[in-house]
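Right, one structure below, let's go through it.
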Amino acid sequence: MKPSIRWHLDHPVSGQLFVEDETMTLAGWVVTFGDYQQLLQLYVETARGRRLFEFDRSRKDVLNAVFGRLEATPPFWQDQPCGFSFEVTKEGVNSGFETGLVVNQQSIPLAQLPLEGAGNGGSRRLCARLLKQFRKL
6 MKPSIRWHLD HPVSGQLFVE DETMTLAGWV VTFGDYQQLL QLYVETARGR RLFEFDRSRK
66 DVLNAVFGRL EATPPFWQDQ PCGFSFEVTK EGVNSGFETG LVVNQQSIPL AQLPLEGAGN
126 GGSRRLCARL LKQFRKL
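The numbering used here numbers the first residue of the sequence shown as 6 and each following residue consecutively.
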């Protein structure tokens, strides 16, 4: 059985340009429901492998929006941050990457972010193209 998940990727936005030597910030939030409220991690999968990240941002605005009011929030989410923000370097993501959630040691892809080269004044830039068909869980 797959967990019920609500999530949003705040950054990057579709069409955003990145200079090749910059880092890229991934930020957003994830809320799971039911029995899957334990040991959550985020992953970024590139051609160079997988990196795991922890949730590190408290998002009371998200909890209020998802659960109606903070008091209705399950105890797990009252204690666990649901927001994240981390940086990945351009090395290894030039051909794009996948980001997802690890729940109970099961990987659940959330989004694929292909990066395309874009010429701009002779300098190579990378453009994030977010897929419109994100996996609906």
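By construction, the Cβ of each residue, glycine as well, lies at the ideal position given by its N, Cα and C atoms.
Fill in: Residue(s) in a DSSP beta bridge with N34
The sequence position of residue 34 within the sequence shown is 29, counting from 1. Asn is not the amino acid found at residue 34; the sequence shown has Trp there. DSSP, once it has assigned bridges, lists H13, G88 as partnering W34.
Worksheet item: Taking C-beta to C-beta, are F102 and D61 nearer than 8 Å?
Response: Position 97 of the sequence shown, counted from the first residue, corresponds to residue 102. Position 56 of the sequence shown, counted from the first residue, corresponds to residue 61. For F102 and D61, no; Cβs fall outside 8 Å.
Item to complete: Output yes or no for whether 8 Å exceeds the beta carbon distance between G33 and W12.
Response: For this step, residue 33 is matched to residue 28 along the sequence shown. For this step, residue 12 is matched to residue 7 along the sequence shown. In this structure, W12 lies closer than 8 Å to G33 by Cβ.
Item to complete: With a threshold of 16 other CB atoms inside 10 Å of the CB of G80, please say whether the residue is buried or exposed.
Response: Counting from one through the sequence shown, the residue named residue 80 turns up at place 75. Here residue 80 turns out to be Pro, not Gly, going by the sequence shown. Looking at its Cβ environment, which holds fewer than 16 other Cβ atoms inside 10 Å, P80 is exposed.
Worksheet item: CB-CB under 6 Å to N109, same chain, minus the five flanking residues each way: which ones, in chain order?
Response: Numbered from 1 along the sequence shown, position 104 holds the residue referred to as residue 109. Excluding residues within five positions, none has a Cβ falling inside 6 Å.
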